[in-house]
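Position 5 of the sequence shown, counting from 1, maps to -1 under the numbering used here, and the rest follow consecutively.
By construction, the Cβ of each residue, glycine as well, lies at the ideal position given by its N, Cα and C atoms.
I have placed the structure first, in the form of structure tokens, so that the comments after it can refer back to it.
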Amino acid sequence: IIDAIDDNDAKYKADLIYHAQLRGIPIVTVGAVGGRVDPTKIRTGKLSIESDDPVLKDVSKRLRDGYGYGTADINRVSCVTSEERHPSLGGAEFQMDYGTATHVTGAFGFTAASLALSSLVAEHTHI
């Protein structure tokens, strides 16, 4: 599953992650894209090391508080985020109206697809 839910409420992302993992379905979640303009800053990792991404921080907190996730559980969630400083970190409150640049949303999506495909190939390749 590629989770690209675009909502200010982390509940939906956390619910999807929880239910996917409960069923043993691999999932990749995408962080905040709004306000980002530099696709060269995109990176992949685990939810536990999502840095300053406000969406992924909220998802991680909801998984810990609502589903009892510990560090090992959080480390099983792959994510796509950006090293580019999010506009909300400049002192403004987090909002979903920063707007998106098509080249950045596309790059996030292609990165998530690559991560998901790599996961599937690794899962089904026995060397």
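Buried versus exposed, by CB contacts within 10 Å (16 or more), leucine 109: With 16 or more other Cβ atoms within 10 Å, it is buried.
CB contact flag (alanine 8, valine 53, <8 Å): yes
Under the three-state DSSP convention, the category valine 27 falls into: coil
Rounded C-alpha distance that separates alanine 95 from glycine 18: Their Cα atoms are separated by approximately 34 Å.
Same chain, Cβ closer than 8 Å to tyrosine 6, neighbours up to 5 away in sequence not counted: Ile(-1)
Helix, strand or coil at arginine 37 according to DSSP, with G and I counted as helix: Strand.
Valine 74 - containing beta strand (DSSP E), residue span: 72 to 76
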